[in-house]
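Structure first, commentary second.
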Amino acid sequence: MSELRRLRYFLAVAEELHFGRAAERVGIAQPALSQQIRRLEEEVGVPLFHRTKRSVELTVAGRAMEPEARRALASVEQAMEVARRAARGEVGHLTVGFVETAATALVPQAVQRFRADFPGVALTLRELPVSAQLEGLHAGTLDVGIVRPPFDPAGLEIAQVQEEPFAVAVAASSELASRRRLSPRELAGLPLVLLAREVVPGLHDQVIGLLQEHGGATIAQEATSIQAVLGLVAAGLGASLVPASVRTLERQGVAFVPLHPSPRSRLVAISRRADRSPLVARFVGAMEGAVSAGG
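Under our numbering, the first residue of the sequence shown is numbered -7, with each subsequent residue one higher.
In structure tokens, the structure reads:
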């Protein structure tokens, strides 16, 4: 960084046109400043100042160098500030994957908070099944994943973000739509529309396990998106067990009845254990803040 120091010394002398005042300004002794300016002139290969006993003036070369030196220092200082902000998680780029059931409330709220707090960070959001998120994390194409367990945790950092009960999605025209709540046992024998296991294996297995504990499951149809599931429910093909946050979709023709008693469905944030990026921690914090704000 000696070249940068010399540029700063050069600019101080160019502005003060007095070695004594310039030395006092930059905080070094006058002989040391004079020596640094001579070394800079040797590196450049031409004199930068006319020196007499009474005055100091810039040479033609010095006048030409002055604006370039200012630009160079400004560019370096900007680069250093960008590096500091990146280390604080204030700038950069973050690619976030999420399962569809996280997009109903958590992801939009977290993104809104994150953008408000860190407008200098570019976000890329990708709705992906769990398997694709795990592949993306290990390949380095994804920075954060939002999934429902279980999954293979090898090499991953896991932060629990949200726990929520289940609700039963039924056709609004169904007799069940007027119920204040439904128990798992009451779902035994009902035709069910489920989110396909390939999309969210943990959620699918949790629903099947719950129903098998209370009389079995009759799967009428599976779909690869929650919107498709709700569409089939609205068409009368069956009921569905969904995380309670799905109610925020307010799909026409679908009513949501609380499940009681209900297990909890978990959403977790996952990232590479070797990745210590502060951006990841910032985004996880935004998700936690969104959950806390939502009560």
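Glycine included, C-beta positions come from ideal geometry on N, C-alpha and C.
Small disclaimer: the values here were computed from a predicted structure and weren't measured.
query: Looking at the structure shown, is Gln244 part of a helix, part of a strand, or coil, going by DSSP?
result: As a position in the sequence shown, residue 244 is number 252, starting the count at 1. Of the three classes helix, strand and coil, the one that applies to Gln244 here is coil, per DSSP.
message: Tell me the residue span of the alpha helix (DSSP H) that contains Ile218.
response: Along the sequence shown, read from residue 1 onward, the residue named residue 218 stands at position 226. It spans Ile218 to Ala226 - the alpha helix (DSSP H) in which Ile218 sits, taken as one unbroken run.
field: Inter-stretch contact (C-beta, 8 angstroms, three-pair minimum) for the stretch 156 to 172 and the stretch 240 to 258
entry: yes
- prompt: Using the rule of at least 16 other Cβ atoms within 10 Å of the residue's Cβ for burial, across every protein chain shown, is Ile211 buried or exposed?
  reply: Numbered from its first residue, the sequence shown carries residue 211 at position 219. Counting Cβ neighbours within 10 Å, Ile211 comes out exposed, since fewer than 16 surround it.
message: Here's a check: name, in chain order, each residue in its chain whose Cβ is nearer than 6 angstroms to the Cβ of Ile150, leaving out the five neighbours to either side.
response: Residue mapping note: residue 150 aligns to position 158 of the sequence shown, counting from 1. Excluding positions up to five away in sequence, the list reads Val260 and Ile262.
- request: Would you give the residue range spanned by the beta strand (DSSP E) that Arg264 belongs to?
  value: The residue you call residue 264 lines up with position 272 of the sequence shown. Ser257 to Arg264 is the extent of the beta strand (DSSP E) around Arg264.
- request: Take the Cβ of Ser284 as the centre, count every other Cβ of all protein chains shown within 10 Å, and call the residue buried at 16 or more, exposed below.
  value: Walking along the sequence shown from the start, residue 284 turns up at place 292. Exposure of Ser284 is indicated by the presence of fewer than 16 other C-beta atoms within 10 angstroms of its C-beta.
message: Please identify the residue among Leu233, Val136, Glu35 and Leu86 whose C-alpha is closest to the C-alpha of Leu182.
response: Your numbering for residue 182 matches position 190 in the sequence shown. Here the closest residue by C-alpha is Leu233.
message: Taking the alpha carbon of Leu(-4) as the reference point, which residue from Pro100, Phe106, Ser67 and Gly19 has its own alpha carbon closest?
response: As a working note, residue -4 is residue 4 in the sequence shown. With distances taken between Cα atoms, Leu(-4) lies closest to Ser67.
task: Only counting runs of 3 or more residues, tell me where the beta strand (DSSP E) segments fall wholly within the stretch 86 to 136, in order along the chain.
output: 113 to 119
query: In chain order, what residues of the same chain have a beta carbon less than 7 angstroms from the beta carbon of Ala282, not counting five sequence neighbours either side?
result: Your numbering for residue 282 matches position 290 in the sequence shown. Taking C-beta separations shorter than 7 angstroms and ignoring five residues to either side along the sequence, the partners of Ala282 in its chain run Leu98, Gln101, Ala102 and Arg105, following chain order.
- request: Evaluate Asp144 with the Cβ neighbour count: other Cβ atoms within 10 Å of its Cβ, from every protein chain shown; 16 or more gives buried, anything less gives exposed.
  value: Sequence index remark: in the sequence shown, residue 144 carries index 152 (1-based). By the Cβ neighbour-count rule, Asp144 is exposed, with fewer than 16 other Cβ atoms within 10 Å of its own.
message: My output table needs one value for Ile150: the three-state DSSP class, helix, strand or coil.
response: One-based indexing of the sequence shown puts residue 150 at position 158. In the structure shown, Ile150 sits in a strand (DSSP, three-state: E or B).
message: Residues in the same chain with beta-carbon distance under 7 angstroms from Ser26, minus the five sequence neighbours each way, listed in chain order, please.
response: Numbered from its first residue, the sequence shown carries residue 26 at position 34. Closer than 7 angstroms at Cβ, skipping near neighbours: Phe11.
- request: Just mark Leu126 as buried or exposed, buried being the case when its beta carbon has 16 or more other beta carbons within 10 Å.
  value: By one-based count along the sequence shown, residue 126 stands at place 134. When all chains shown are included, Leu126 counts as buried.
query: If you compare alpha carbons, which of Glu214, Ala209 and Arg(-2) is closest to Arg189?
result: As a first step, residue 189 is located in the sequence shown; it is residue number 197 there, counting from the start. Looking at the Cα atoms, Glu214 is the closest of the given residues.
field: When Val36, Ser123, Ala131 and Asp135 are compared against Pro141, the one with the closest alpha-carbon
entry: Residue mapping note: residue 141 aligns to position 149 of the sequence shown, counting from 1. The option with the nearest alpha carbon to Pro141 is Ser123.
N-terminal and C-terminal residue of the beta strand (DSSP E) that Pro314 is part of: There is simply no residue 314 to check, as the chain begins at -7 and stops at 287 in what is shown.
message: Can you tell me whether Val191 is helix, strand or coil according to DSSP?
response: Within the sequence shown, the letter at position 199 stands for residue 191. Val191: coil per DSSP, three-state reduction.
Coarse secondary structure for Glu60, derived from DSSP in three states: For the purposes of this step, residue 60 is identified with residue 68 of the sequence shown, where counting begins at 1. Of the three classes helix, strand and coil, the one that applies to Glu60 here is helix, per DSSP.
message: Would the stretch 163 to 170 count as touching the stretch 228 to 246 if we require 3 or more Cβ pairs under 8 angstroms?
response: yes
message: Pairs of beta-carbons, one from the stretch 185 to 204 and one from the stretch 273 to 281, closer than 8 angstroms: are there three or more?
response: They do not touch, by the three-pair rule.
query: For the 8 angstroms Cβ check, are there 3 or more pairs between the stretch 126 to 138 and the stretch 237 to 245?
result: Verdict: no, contact absent.
- prompt: For Leu120, which residues of its own chain have a beta-carbon under 6 angstroms away from its beta-carbon, when the five flanking residues on both sides are left out?
  reply: To locate residue 120, count along the sequence shown from 1; it is residue 128. Same-chain partners within the cutoff: Gly89.
message: I need the boundaries of the beta strand (DSSP E) containing Glu49, first residue and last residue.
response: Translated into positions along the sequence shown, residue 49 becomes position 57. Residues Val48 to Leu50.
Phe143 in three-state terms, based on DSSP: For the purposes of this step, residue 143 is taken as residue 151 along the sequence shown, with counting starting at 1. Shown here, Phe143 sits in coil according to DSSP, grouped into three states, outside any helix or strand.
message: For Ser311 and Arg63, what's the separation of their Cα atoms in angstroms?
response: The structure shown does not extend to residue 311, since the chain spans only -7 to 287, so no value can be given for it.
- prompt: Looking only at its own chain, which residues have a Cβ that is under 8 angstroms from the Cβ of Val36, when we skip the five neighbours before and after it?
  reply: On the sequence shown, position 44 is the one that residue 36 refers to. Once the five neighbours on either side are set aside, the close Cβ partners of Val36 are Ala53 and Met57.
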